[in-house]
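Trainee: For the sequence shown, this note's numbering begins at 4 and goes up steadily by one. Backbone N, C-alpha and C fix where the C-beta goes; we use that ideal spot for every residue, glycine too.
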Amino acid sequence: MTTQKEWSLSNPPPEGDPDVASFANHLFEIARLELERVGKHKDLLANYSMYRGKTMSGDVGKNQGLTPVNLLFANVERTVANITSREPVGEVVDLDGTDEDGAEDILSSKLIKWWRETNQQNKIRSSARTMEIYGITLEKPAWCKVLESPTISICDPFAFYPAPGFYENIDVELPFGTFVYLKYVDEIEADFKVTGVVADDAYDLLGTVREEYKGTGYGPLDTSLTGKYADPMVKANMGQRGMTDKKLERCLVKEVWIRDRRTTTVTEEHPVIDPETGMPELDETGEMVIEKRKTTTSTYPDGVRKITIVGSKAKEVQNGYAVLDDSANPNINPALPPEIACNTYPWGRFPVYHANSYKDLISLWGFAAGEQVGDLIIKIGKIISKLTNYVLNVMTPPLIVQKHCGITREMIESQLRKNGRLILMPTTPNARIEFMQIPNLPATFFQVLDKMIGFFDRIYAIESADRGEAPSGVIAASAIVALQERNQELTQAKTSAIEGLAENRSRWCIGLYQNFGTTSELVEVGGDPAEFIGTAFAGRKFSFVVESGSTSPRTSLQVQEVAKWLWETKAIDQRAVLEIMNIPDWKGIVERTGETQLDMALQVLIDSGLPEEAAFELKQYLMEPDQGAGGEKAPQSKSSENAEVGTPKTKQGEKTNEK
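(1) Beta-carbon separation of aspartate 203 and leucine 255 under 8 Å?
(2) Just to confirm my understanding: we take glutamate 524, look at its own chain, exclude 5 residues before and 5 after, and list those with CB closer than 6 Å. What are they?
(3) Given a cut-off of 8 Å, decide if asparagine 346 and glycine 542 are closer than it, judged by their beta-carbon atoms.
(4) Whole angstroms is fine: what's the gap from lysine 186's alpha carbon to glutamate 271's?
(5) Pick helix, strand or coil for tryptophan 368, following the three-state DSSP scheme.
(6) Between alanine 496 and chain C, is the shortest Cβ-Cβ distance under 8 Å, so that the two count as touching?
(7) Skipping 5 residues on each side, what residues in its chain have a beta carbon closer than 7 Å to that of aspartate 363?
(8) Between the stretch 287-295 and the stretch 153-171, can you find at least three pairs of beta-carbon atoms closer than 8 Å?
(9) Using the DSSP secondary-structure output, state which residues sit across from glycine 314 in a beta bridge.
(10) Using the three-state DSSP reduction, which class does alanine 632 fall into: helix, strand or coil?
(11) By DSSP, does glutamate 9 sit in helix, in strand, or in coil?
(12) Using the C-alpha atoms, what's the distance from proline 304 back to aspartate 338?
(13) Which residue marks the beginning of the alpha helix (DSSP H) containing asparagine 334, and which one marks its end?
(14) In terms of residues, what are the limits of the alpha helix (DSSP H) holding histidine 29?
(15) Quick one, are the C-beta atoms of leucine 47 and phenylalanine 161 less than 8 Å apart?
(16) Would you call the CB atoms of leucine 367 and tyrosine 170 closer than 8 Å?
(17) Classify lysine 406 as helix, strand or coil using the three-state DSSP reduction.
(18) I need the straight-line Cα distance from glutamine 67 to cysteine 408, nearest angstrom please.
(19) Sort out for me which residues DSSP pairs valine 528 with in a bridge.
(20) Along the alpha helix (DSSP H) that carries isoleucine 513, what are the first and last residues, could you check?
(21) Bridge partners for threonine 431 per DSSP, in chain order?
(22) Could you check where the alpha helix (DSSP H) with valine 394 kicks off and where it finishes?
(23) Whose CA, out of Ala372, Tyr184, Asp104 and Gly42, lies closest to the CA of glutamate 80?
(24) What does the alpha-carbon distance come out to for the pair phenylalanine 547 and threonine 391?
(25) Per DSSP, which residues does glutamate 94 bridge with? Please list them.
(26) Beta carbon of tyrosine 51, beta carbon of isoleucine 136: below 8 Å?
(27) What does DSSP give as the partner residues of lysine 186 in its beta bridges?
(28) Between the C-alpha atoms of glycine 612 and leucine 621, what's the straight-line distance to the nearest angstrom?
(29) Can you tell which of Gln606, Pro614 and Pro16 has the C-alpha that lies nearest to the C-alpha of threonine 302?
(30) In the DSSP assignment, what are the bridge partners of proline 274?
(31) Is the number of C-beta pairs between the stretch 508-517 and the stretch 306-313 that are closer than 8 Å three or more?
(32) Pairs of beta-carbons, one from the stretch 374-389 and one from the stretch 454-461, closer than 8 Å: are there three or more?
(33) Assign arginine 352 to buried or exposed, taking buried as 16 or more other Cβ atoms, counted over all protein chains shown, within 10 Å of its Cβ.
(34) Return the first residue and the last residue of the beta strand (DSSP E) that proline 153 is part of.
(35) Does glycine 42 pass the burial test, meaning 16 or more other C-beta atoms within 10 Å, or should it be called exposed?
(36) Between which two residues does the beta strand (DSSP E) harbouring alanine 358 extend?
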């Protein structure tokens, strides 16, 4: 593909140039060919096929004889549940260093509200599952004009084509990147007022072949004994890839993001100001003296440019592609002055961030666990298949019938078809008729199977305690807690990846509200309502930090161990310990223990000279609801605030003579 000029990343064609569409498509082709060179899409298909219980290649028919035990599926779901068991806990940080107006608390409350209203926890689970299956998850933030709130889309790895190379932070380091979408032809032509859009289902490009992937043994029921009838509703021209109705034709839309630092020189007219009077100067005719000034501004304020193209067969289109949209960063509000908008998070960033299941030092795609345990999964499946076949052979062993004894194969098959019972009447006396003896399994069969599953667990970093099993010889709760904490340490990288996704989501949410959030709403801060308007915080820098480990599960054993340590260090009281330990009737225990301790304390006061009548009244007062042990402290009346110790309750309101 050639263009009329030698355009480059540092000198892309300007908006309106005939080469814009072909230049953007050329960047997409560069990224596509690089992914094809390294075989990335083949790796992604292999990972998905293993997750669905197929062979690594995903080819139909290669595993028809296998009875796979899909350990990968179980481990992916286990890991996802483990690292997303709780909502992330974090807080907004004011990077300006001034928080006199309580902006941190207001934004933190708004983020919690947005997270729950938009069901972000389910999205974080979907993103984690994508990360575990493919080794990478990509998310794209944007501002939804209909809902007037930020929205987060989980990108299919097949739908993102980055520039070749390794980039740690793709939102700020990537020189260009492309998102591809399937849209209906009618919708694109109506929305963008174009004609001649080329239909393209991009079946191979977007990995749509995955819809055909099903586990071994999954399929329609055997209808050989129930009759077969043609379906009169099947359309004659319906192919394997679905219906080809003109109304349902779809096209491939490519959204190319590039960095464009070009500048524009603008000539403006300004009146000449007299430095002495501060008033505009006048010429001989009494008109103001005007001078022309040239200023250079950035064509794209933050250097981010979005070009959207689609295949077209219109006559006026060159190189087969038409430009649908060519604009500056749509995540920056053009109504905001650049000196204010530059402090918001979307400034200068592509709307994409990623997380890896396992980091790869030479590729932003990382890799999935399936690439490390795929061979073991196949071998374990073969062993299980052989074990299943052995059991079936034992249940139906081969029948040995002596030759020329008057019994033929047809007689045996006829008897089985009639009533399932086999009655044989040989014509030869003492004819040999017996079942073949199936040899026993070797003693090492299950040892090899256990060893291979052990290797699988070792590579996948799974502890026995994480499966809900107590390892042999381990009884103490503290030891089991240690094993559970050990498993959380092994998954720390994955937990950190999820926390990074939550931080990026929240930072983008704040930035998009700063740019477009003009609607006033109330949020709860410390039990009191507070007004939130996103653009009111424009011009200030904020970040969001997630508490480490807040998304990981915390078992009851771990909580109980922490409670014991806090009790020993006198950081919590008896009531808190019993409540955390969930001891039956813990409130009654607290009251009984507190009553005994109260009697001992009152006896000390009596021995010190407190009248027994006063001690009795004090005890009655303390044993009232919300006053005794296990209750909350009630506010004292004004008459008893300054009462001396030992003064009866009935006399606390009386005035005393000062000495």
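Mentor: According to the data block:
(1) On the sequence shown, residue 203 is found 200 positions in, with the first residue counted as 1. On the sequence shown, residue 255 is found 252 positions in, with the first residue counted as 1. For aspartate 203 and leucine 255, yes; Cβs fall inside 8 Å.
(2) Along the sequence shown, read from residue 1 onward, the residue named residue 524 stands at position 521. Correct list, in chain order: Phe535.
(3) By 1-based counting over the sequence shown, the position of residue 542 is 539. By 1-based counting over the sequence shown, the position of residue 346 is 343. Yes.
(4) Translated into positions along the sequence shown, residue 186 becomes position 183. Translated into positions along the sequence shown, residue 271 becomes position 268. Cα to Cα, lysine 186 sits roughly 43 Å from glutamate 271.
(5) By 1-based counting over the sequence shown, the position of residue 368 is 365. Per DSSP, reduced to three states, the secondary structure at tryptophan 368 is strand.
(6) As a matter of chain content, chain C is missing from the structure shown, which is built from one protein chain.
(7) Counted from its first residue, the sequence shown places residue 363 at position 360. Only Gly369 and Phe370 meet the Cβ criterion.
(8) A contact is defined here as three or more CB-CB pairs under 8 Å, and the stretch 153-171 fails this definition with respect to the stretch 287-295.
(9) As a working note, residue 314 is residue 311 in the sequence shown. Answer is Tyr324, bridged to glycine 314.
(10) Reading the sequence shown from its first residue, position 629 is the one you call residue 632. Bear in mind that the predicted position of alanine 632 carries a pLDDT of just 46, short of 50, making it too unreliable to give a figure here.
(11) On the sequence shown, residue 9 is found 6 positions in, with the first residue counted as 1. Three-state result, glutamate 9: coil.
(12) Here residue 338 is taken as the residue at index 335 of the sequence shown, counted from 1. Here residue 304 is taken as the residue at index 301 of the sequence shown, counted from 1. Residue identity differs from the one stated: residue 338 is alanine in this sequence, not aspartate. Roughly 12 Å between the two C-alpha positions.
(13) In the sequence shown, residue 334 corresponds to position 331, counting from 1. No alpha helix (DSSP H) holds asparagine 334; DSSP gives it neither H nor E.
(14) Position 26 of the sequence shown holds residue 29. Segment 23-41, the alpha helix (DSSP H) holding histidine 29.
(15) Looking up residue 47 in the sequence shown gives position 44. Looking up residue 161 in the sequence shown gives position 158. Against a cut-off of 8 Å, the Cβ pair of phenylalanine 161 and leucine 47 comes out as a contact.
(16) Numbered from 1 along the sequence shown, position 364 holds the residue referred to as residue 367. Numbered from 1 along the sequence shown, position 167 holds the residue referred to as residue 170. A contact, by the Cβ cut-off of 8 Å.
(17) Counted from its first residue, the sequence shown places residue 406 at position 403. Coil at lysine 406, not helix or strand.
(18) Residue numbering aside, residue 67 sits at position 64 when the sequence shown is read from its first letter. Residue numbering aside, residue 408 sits at position 405 when the sequence shown is read from its first letter. Legend: pLDDT at glutamine 67 = 49, less than 50; position of this residue unreliable, no value from coordinates given.
(19) As a first step, residue 528 is located in the sequence shown; it is residue number 525 there, counting from the start. Beta-bridge pairing links valine 528 to Asp531.
(20) Start at 1 with the first residue of the sequence shown, and residue 513 comes out as number 510. Boundaries of the alpha helix (DSSP H) around isoleucine 513: 495-519.
(21) Taking the first residue of the sequence shown as position 1, residue 431 is located at position 428. Partner(s): none; threonine 431 has no beta bridge.
(22) One-based indexing of the sequence shown puts residue 394 at position 391. Looking at the DSSP string, the run of the alpha helix (DSSP H) that includes valine 394 is 373-398.
(23) As a first step, residue 80 must be located in the sequence shown, where it is residue number 77. Comparing Cα positions, the closest option is Ala372.
(24) Residue mapping note: residue 547 aligns to position 544 of the sequence shown, counting from 1. Residue mapping note: residue 391 aligns to position 388 of the sequence shown, counting from 1. The alpha-carbon atoms of phenylalanine 547 and threonine 391 are separated by roughly 54 Å.
(25) The sequence position of residue 94 within the sequence shown is 91, counting from 1. Paired residues: Val548.
(26) Working through the sequence shown from its first residue, we reach residue 51 at position 48. Working through the sequence shown from its first residue, we reach residue 136 at position 133. Annotated as proximal: tyrosine 51 and isoleucine 136, with beta-carbon spacing under 8 Å.
(27) For the purposes of this step, residue 186 is taken as residue 183 along the sequence shown, with counting starting at 1. Cys254.
(28) Working through the sequence shown from its first residue, we reach residue 612 at position 609. Working through the sequence shown from its first residue, we reach residue 621 at position 618. One C-alpha to the other measures close to 14 Å.
(29) Along the sequence shown, one-based indexing puts residue 302 at 299. Of the listed residues, the one whose Cα sits closest to threonine 302 is Pro16.
(30) Against the sequence shown, residue 274 aligns to sequence position 271. For proline 274, DSSP records a beta bridge to Ile293.
(31) no
(32) yes
(33) By one-based count along the sequence shown, residue 352 stands at place 349. Buried, by the Cβ-count rule.
(34) To locate residue 153, count along the sequence shown from 1; it is residue 150. Taken as a continuous stretch (DSSP letters only), the beta strand (DSSP E) holding proline 153 covers 152-158.
(35) On the sequence shown, residue 42 is found 39 positions in, with the first residue counted as 1. Burial call: exposed.
(36) Stepping through the sequence shown from its first residue, residue 358 is reached at position 355. Start and end: 356-359.
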